[in-house]
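In the numbering used here, the protein residues as written are 106 to 350.
Heads up, the thing below is written out as structure tokens.
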């Protein structure tokens with residue numbers, strides 16, 4: 106798809122991936138998890154009160170755990186620090202906590218510390234967070250795809266509420282696709298994409314209910330369409346690497 110074909114000025118286009126551009130900046134844009142963020146529900150009440158508490162978010166990939174942590178920080182007027190248990194160690198934890206201490210002392214701002222794949226930390230690494238959860242240096246938000254009861258220390262579990270995130274329903278993912286292809290600011294509205302309901306369902310199925318993967322696939326499809334701007338099963342096959350036959 107060429108700039109000439111589209112008549113679109115790419116110099117003004119945000120170079121961030123689609124999934125990053127579409128990340129919600131307010132709770133009303135967040136999809137799924139109505140049992141947690143719907144009116145009157147636990148996390149929604151916390152956000153409305155502009156507070157945060159330590160928690161474990163347990164659910165499948167692409168269900169909004171990272172996004173929810175960022176929204177918590179935004180609503181609580183706190184800074185968000187991120188660690189991945191896959192490639193972080195005790196040194197990284199200490200450095201992050203030191204920044205949180207300095208921030209609290211110099212500005213009074215709290216730190217939301219988001220730890221992805223927290224179940225991959227061993228017992229000593231998990232224990233390193235405890236004093237700082239207890240004294241309020243950090244609001245700890247751990248994300249895991251594994252059952253916390255089996256993978257996390259009781260000491261962590263006793264200091265953090267566990268919230269279960271559910272797979273996002275197809276109708277909500279269809280609405281997300283519709284929003285993306287109409288949004289000319291952050292989405293793909295400039296490209297006037299065409300996609301049938303059947304092909305939306307196919308794309309969602311191949312994404313496995315993972316909203317982030319779905320947006321990545323949709324962006325790849327956009328790169329592959331011809332002058333008709335139509336996302337076909339063949340385009341979806343190329344974008345996802347799945348054979349339709």
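Ideal Cβ positions, reconstructed from N, Cα and C, are used throughout, including at glycine.
Do you know offhand how far residue i's Cα is from residue j's?
{"i": "residue 288", "j": "residue 281", "result": "10 angstroms"}
{"i": "residue 305", "j": "residue 164", "result": "24 angstroms"}
{"i": "residue 335", "j": "residue 295", "result": "14 angstroms"}
{"i": "residue 330", "j": "residue 293", "result": "13 angstroms"}
{"i": "residue 202", "j": "residue 125", "result": "26 angstroms"}
{"i": "residue 345", "j": "residue 221", "result": "25 angstroms"}
{"i": "residue 147", "j": "residue 308", "result": "32 angstroms"}
{"i": "residue 158", "j": "residue 260", "result": "16 angstroms"}
{"i": "residue 291", "j": "residue 128", "result": "9 angstroms"}
{"i": "residue 273", "j": "residue 135", "result": "11 angstroms"}
{"i": "residue 176", "j": "residue 242", "result": "19 angstroms"}
{"i": "residue 115", "j": "residue 227", "result": "Summary for residue 115: the model assigns pLDDT 44, below 50, so the residue's position carries little reliability; its value from the coordinates is reported in the next sentence. Answer to the nearest angstrom: the Cα atoms are 46 angstroms apart."}
{"i": "residue 313", "j": "residue 210", "result": "44 angstroms"}
{"i": "residue 343", "j": "residue 297", "result": "20 angstroms"}
{"i": "residue 212", "j": "residue 206", "result": "10 angstroms"}
{"i": "residue 316", "j": "residue 322", "result": "10 angstroms"}
{"i": "residue 149", "j": "residue 270", "result": "14 angstroms"}
{"i": "residue 106", "j": "residue 236", "result": "Low per-residue confidence applies at residue 106: pLDDT is 45, beneath 50, and the placement is therefore not dependable, though the value from the model is reported in the following sentence. Approximately 54 angstroms, taken between the alpha carbons."}
{"i": "residue 189", "j": "residue 154", "result": "28 angstroms"}
{"i": "residue 372", "j": "residue 120", "result": "The displayed coordinates of the chain run from 106 to 350. Any statement about residue 372 would go beyond what the structure contains."}
{"i": "residue 231", "j": "residue 347", "result": "39 angstroms"}
{"i": "residue 156", "j": "residue 332", "result": "49 angstroms"}
{"i": "residue 223", "j": "residue 200", "result": "17 angstroms"}
{"i": "residue 420", "j": "residue 262", "result": "As displayed, the chain neither begins before 106 nor continues past 350, which places residue 420 out of reach and without an answer."}
Comparing C-alpha positions only, which one of the options sits nearest to residue i?
{"i": "residue 130", "options": "227, 168, 180", "result": "180"}
{"i": "residue 246", "options": "186, 326, 213", "result": "186"}
{"i": "residue 254", "options": "243, 268, 218, 331", "result": "268"}
{"i": "residue 284", "options": "270, 299, 272, 271", "result": "299"}
{"i": "residue 196", "options": "233, 273, 213", "result": "233"}
{"i": "residue 278", "options": "318, 263, 243", "result": "318"}
{"i": "residue 338", "options": "315, 316, 310", "result": "310"}
{"i": "residue 151", "options": "244, 251, 263", "result": "244"}
{"i": "residue 141", "options": "266, 286, 223", "result": "266"}
{"i": "residue 229", "options": "322, 193, 297", "result": "193"}
{"i": "residue 275", "options": "262, 252, 302", "result": "302"}
{"i": "residue 320", "options": "200, 237, 286, 154", "result": "286"}
{"i": "residue 178", "options": "120, 200, 215", "result": "215"}
Any heavy atom of the ligand FAD closer than 7 angstroms to the Cβ of residue i?
{"i": "residue 302", "result": "Ligands displayed in this structure: none; no statement on the ligand FAD is therefore possible."}
Our contact map puts residue i next to residue j with C-beta atoms below 8 angstroms; I'd like the distance itself, whole angstroms only.
{"i": "residue 169", "j": "residue 137", "result": "6 angstroms"}
{"i": "residue 208", "j": "residue 182", "result": "Not confirmed; about 12 angstroms, so no contact."}
Could you check whether residue j and residue i sit closer than 8 angstroms to each other, using their CB atoms as the reference points?
{"i": "residue 166", "j": "residue 324", "result": "no"}
{"i": "residue 217", "j": "residue 174", "result": "yes"}
{"i": "residue 257", "j": "residue 161", "result": "yes"}
{"i": "residue 198", "j": "residue 225", "result": "no"}
{"i": "residue 264", "j": "residue 239", "result": "yes"}
{"i": "residue 341", "j": "residue 326", "result": "yes"}
{"i": "residue 250", "j": "residue 219", "result": "no"}
To test your reading of the DSSP string, which unbroken alpha helix (DSSP H) runs of 4 or more residues are found completely within the stretch 142-174? As summarised for the stretch 142-174, the continuous alpha helix (DSSP H) elements at least 4 residues long and confined to that stretch are 147-153, given in chain order.
Residue ranges of each alpha helix (DSSP H) within the stretch 287-350, 4 or longer: Listed in chain order, the complete alpha helix (DSSP H) runs (minimum 4 residues) inside the stretch 287-350 are 302-311, 316-329, 338-345.
Segments assigned beta strand (DSSP E), at least 3 residues, entirely inside the stretch 191-254: Listed in chain order, the complete beta strand (DSSP E) runs (minimum 3 residues) inside the stretch 191-254 are 216-221, 243-249.
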